[in-house]
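A.B. asks:
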Amino acid sequence: MSEKLQKVLARAGYGSRREIEGWIKAGRVTLNGVPANLGDRAEVQDKILIDGQPVPQHRLGTGKCRVLVYHKPEGEICTRDDPEQRKTIFERLPVLRAGRWIAIGRLDINTSGLILLTTDGELAHRLMHPSRAVEREYAVRVLGEVDAAMLARLKQGVMLEDGDAHFDSIADAGGDGANHWYHVVLKEGRKHEVRRLWESQGITVSRLIRIRYGDIQLGRTLRRGQSKELESEELNGLRVLAGLEPETVPASAEKVRTPRRPSPPKRRIRGG
Ligand code: URA
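Numbering of the sequence shown is given in my numbering, commencing with residue 48 and proceeding in unit increments.
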């Protein structure tokens with residue numbers, strides 16, 4: 048089944064449909080050896096080049112949108128290839144026959160918790176885009192004396208080196224001394240943003256756990272290092288949030304294999 052070229056490439060994670068339309072207009076994309084035109088349709092077996100670089104067929108996938116919830120442990124990084132050979136979040140995910148898992152945003156190496164991954168690059172792109180203002184909720188353990196004025200400033204907005212930032216809500220989640228927790232919500236995902244916001248008030252974050260992205264909660268049953276696939280209701284909830292049409296192909300349409308790895312040792316966490 049053919050689809051608009053810009054839709055196929057957006058799903059493969061190259062950019063937004065609009066960006067790719069711009070590349071097609073500028074003559075940067077070829078389809079089966081000839082410059083592509085707006086309105087061209089493509090299939091997985093077509094030969095597509097962007098700026099002369101081939102688009103590998105495995106990146107085009109099956110066209111089916113799938114979403115995984117992964118419980119990231121501390122110590123794993125969210126980039127695919129690491130020159131330092133550190134562990135990545137991709138190592139324990141179910142193996143796809145076609146396509147690849149694309150992370151919806153990143154967490155720092157020393158942050159744990161929920162990370163969503165999808166086979167649909169366009170969904171990832173949209174859910175990460177600040178214009179969608181998707182809520183991200185974190186459980187944060189802080190070190191330092193927090194007062195009401197600080198909380199007010201953090202909600203109102205403080206100037207960070209890359210611009211104004213704020214929490215949309217802050218809830219005291221209890222605990223004493225060096226074990227005091229807050230739940231904070233923000234609607235964008237700038238680098239180290241939660242830590243930098245607290246640091247702007249002289250407070251150190253000693254644990255950071257993402258517990259929600261949009262309507263998807265981490266939940267208590269998903270252990271660290273484990274993933275689970277979203278069923279169509281939750282998946283389509285995310286697609287609607289991203290302004291995309293619902294997925295109709297059932298999840299069982301593509302079988303997956305999970306790599307065998309020893310589970311990480313059990314450890315209790317708060318707030319996850
Ligand atoms: N904010 C941070 O500071 N770190 C993360 O990993 C995520 C959000």
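Built from N, CA and C at the ideal position, the CB exists for glycine as well.
So is the beta-carbon of Leu154 under 6 Å away from any non-hydrogen atom of the ligand URA?
C.D. replies: Here residue 154 is taken as the residue at index 107 of the sequence shown, counted from 1. Yes; taking the cut-off as 6 Å, the Cβ of Leu154 has a heavy atom of the ligand URA nearer than that.
A.B. asks: Are Leu140 and Ser274 close, meaning C-beta to C-beta below 7 Å?
C.D. replies: Walking along the sequence shown from the start, residue 140 turns up at place 93. Walking along the sequence shown from the start, residue 274 turns up at place 227. Yes.
A.B. asks: Any heavy atom of the ligand URA inside 6 Å of the beta-carbon of Thr126?
C.D. replies: To locate residue 126, count along the sequence shown from 1; it is residue 79. No, since every heavy atom of the ligand URA falls outside the 6 Å radius drawn around the Cβ of Thr126.
A.B. asks: Between the segment 118-131 and the segment 87-98, can you find at least three pairs of beta-carbon atoms closer than 8 Å?
C.D. replies: Judged by Cβ distances under 8 Å, the segment 87-98 makes no contact with the segment 118-131, as fewer than three pairs qualify.
A.B. asks: For the segment 146-156 against the segment 287-295, are there 3 or more C-beta pairs whose distance is under 8 Å?
C.D. replies: At 8 Å Cβ cutoff, the stretches do not touch.
A.B. asks: Please report the straight-line C-alpha distance between Ser159 and Arg242, rounded to a whole angstrom.
C.D. replies: Taking the first residue of the sequence shown as position 1, residue 159 is located at position 112. Taking the first residue of the sequence shown as position 1, residue 242 is located at position 195. The alpha-carbon atoms of Ser159 and Arg242 are separated by roughly 13 Å.
A.B. asks: Is any heavy atom in the ligand URA found nearer than 6 Å to the beta carbon of Val142?
C.D. replies: If you number the sequence shown from 1, residue 142 lands on position 95. Every heavy atom of the ligand URA is 6 Å or more from the Cβ of Val142, so no.
A.B. asks: Taking all protein chains shown into account, decide if Gln92 is buried (16 or more other Cβ within 10 angstroms of its Cβ) or exposed.
C.D. replies: Reading the sequence shown from its first residue, position 45 is the one you call residue 92. Label assigned to Gln92: exposed.
A.B. asks: Is Arg58 near Glu169, with beta carbons less than 7 Å apart?
C.D. replies: Locating residue 58 in the sequence shown gives position 11, where the first residue counts as 1. Locating residue 169 in the sequence shown gives position 122, where the first residue counts as 1. A contact, by the Cβ cut-off of 7 Å.
A.B. asks: From which residue to which residue does the alpha helix (DSSP H) around Met197 run?
C.D. replies: The residue labelled residue 197 in the question sits at position 150 within the sequence shown. Here the alpha helix (DSSP H) through Met197 covers Ala195 to Gln203.
A.B. asks: So, at 8 Å on beta carbons, what are the nonlocal neighbours of Ala73 in its own chain, with the 5 sequence-adjacent residues on each side left out?
C.D. replies: To locate residue 73, count along the sequence shown from 1; it is residue 26. If we look at Ala73 and ignore the five residues flanking it on each side, it has no Cβ neighbours.
A.B. asks: Taking just the CA atoms, how far does Ala186 sit from Ala220?
C.D. replies: By 1-based counting over the sequence shown, the position of residue 220 is 173. By 1-based counting over the sequence shown, the position of residue 186 is 139. Going by the C-alpha atoms only, they are around 8 Å apart.
A.B. asks: Classify Trp368 as helix, strand or coil using the three-state DSSP reduction.
C.D. replies: There is simply no residue 368 to check, as the chain begins at 48 and stops at 319 in what is shown.
A.B. asks: Would you tell me roughly how many angstroms separate the C-alpha atoms of Arg75 and Gln100, rounded to the nearest one?
C.D. replies: Here the question's residue 75 lines up with position 28 in the sequence shown. Here the question's residue 100 lines up with position 53 in the sequence shown. Near 10 Å, if we compare the C-alpha coordinates of Gln100 and Arg75.
A.B. asks: At what residues does the alpha helix (DSSP H) containing Val241 begin and finish?
C.D. replies: The residue given as residue 241 occupies position 194 in the sequence shown. Where Val241 is concerned, the enclosing alpha helix (DSSP H) stretches over Glu240 to Glu246.
A.B. asks: Could you check where the beta strand (DSSP E) with Ser274 kicks off and where it finishes?
C.D. replies: The sequence position of residue 274 within the sequence shown is 227, counting from 1. Taken as a continuous stretch (DSSP letters only), the beta strand (DSSP E) holding Ser274 covers Ser274 to Glu276.
A.B. asks: Examine the ligand URA and report whether any of its heavy atoms sits within less than 6 Å of the Cβ of Arg139.
C.D. replies: To locate residue 139, count along the sequence shown from 1; it is residue 92. Checking the Cβ of Arg139 against the ligand URA gives no.
A.B. asks: Taking Val287 as part of the alpha helix (DSSP H), name the residues at either end of that continuous run.
C.D. replies: Taking the first residue of the sequence shown as 1, we reach residue 287 at position 240. Taken as a continuous stretch (DSSP letters only), the alpha helix (DSSP H) holding Val287 covers Ser279 to Leu288.
A.B. asks: Using the three-state DSSP reduction, which class does Ser325 fall into: helix, strand or coil?
C.D. replies: The requested residue 325 is not part of the displayed model; the chain covers only 48 to 319.
A.B. asks: In angstroms, rounded to a whole number, what distance separates the CA positions of Gly318 and Ile124?
C.D. replies: Position 271 of the sequence shown, counted from the first residue, corresponds to residue 318. Position 77 of the sequence shown, counted from the first residue, corresponds to residue 124. Low confidence applies here, because Gly318 scores a pLDDT of 41, under 50, leaving its location unreliable and the question unanswered by this model.
A.B. asks: With a cut-off of 8 Å on the beta carbons, I'd call Leu233 and Arg183 a contact; round off their distance for me.
C.D. replies: By one-based count along the sequence shown, residue 233 stands at place 186. By one-based count along the sequence shown, residue 183 stands at place 136. Confirmed, about 6 Å.
A.B. asks: Are Ala180 and Ile151 closer than 7 Å when you measure CB to CB?
C.D. replies: Looking up residue 180 in the sequence shown gives position 133. Looking up residue 151 in the sequence shown gives position 104. Their beta carbons are not under 7 Å apart, which means Ala180 does not touch Ile151 by this criterion.
A.B. asks: Note down, one range per segment and in chain order, each beta strand (DSSP E) of at least 3 residues found wholly within the segment 103-177.
C.D. replies: Taking only runs of at least 3 residues, the beta strand (DSSP E) segments lying wholly in the segment 103-177 are 114-119 and 159-165.
A.B. asks: Got a sec: does the ligand URA put a non-hydrogen atom nearer than 6 Å to the Cβ of Glu240?
C.D. replies: Counting from one through the sequence shown, the residue named residue 240 turns up at place 193. Result yes, Cβ under 6 Å from the ligand URA.
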